[in-house]
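Quick notes on the structure that follows.
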């Protein structure tokens, strides 16, 4: 367990930070405030979440995915599922951003639906990623390879 805490500490810290923001997103959907206040809070939250999400996804794709490819092969189904989920997460947060900017008019039902879709995608992705990506790497790499990943993730 000590290796796990050392080599993937940074990526798990990012997961916790993103998870906290996703939880706030869920709370904003149900809080009893004016529509304009809710929209403002969602704009702020999604505006801060989007770049953090992108940085996190790029880090996984540039560091963790290649290590996983090495062990499972480039075309491995679990790896393709994770790539698909990254594309879906990017698309969902982009759609949510556009809805909140209101260039097509502001429709709360669309914003709520897009928010819930993003939350669902994130939660599914986290479960799959934790199980597939981090656990496979944990048990598939030698200690020096794990240390190399830890350095790359900083």
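Numbering (our numbering), first residue to last: 2 to 155. Note that CB positions come from ideal geometry on N, CA and C, so glycine has one too. Model, not experiment: these values are computed from the prediction.
Taking residue i as part of the alpha helix (DSSP H), name the residues at either end of that continuous run.
i: residue 77; result: That residue, residue 77, is in no alpha helix (DSSP H); it is neither H nor E in DSSP.
i: residue 121; result: 109 to 130
Could you tell me how far apart the beta carbons of residue i and residue j are, in whole angstroms, since I believe they sit closer than 8 Å?
i: residue 116; j: residue 30; result: 6 Å
i: residue 22; j: residue 50; result: 5 Å
i: residue 66; j: residue 93; result: With 8 Å as the limit, residue 66 and residue 93 do not qualify as a contact, their Cβ atoms being about 20 Å apart.
i: residue 82; j: residue 129; result: 7 Å
i: residue 70; j: residue 80; result: 6 Å
i: residue 39; j: residue 32; result: 7 Å
i: residue 154; j: residue 17; result: Their Cβ separation, rounded to whole angstroms, is 14 Å, which puts residue 154 and residue 17 out of contact at 8 Å.
Quick one, are the C-beta atoms of residue i and residue j less than 8 Å apart?
i: residue 111; j: residue 100; result: yes
i: residue 19; j: residue 57; result: yes
i: residue 150; j: residue 77; result: no
Any heavy atom of the ligand ATP closer than 7 Å to the beta-carbon of residue i?
i: residue 24; result: As for the ligand ATP, it is missing from this structure, which has no ligand bound.
Exercise. Can you list, in chain order, the stretches of the alpha helix (DSSP H) that have 4 or more residues and sit fully within the stretch 21 to 107?
Worked result: 36 to 60, 66 to 73 and 78 to 102
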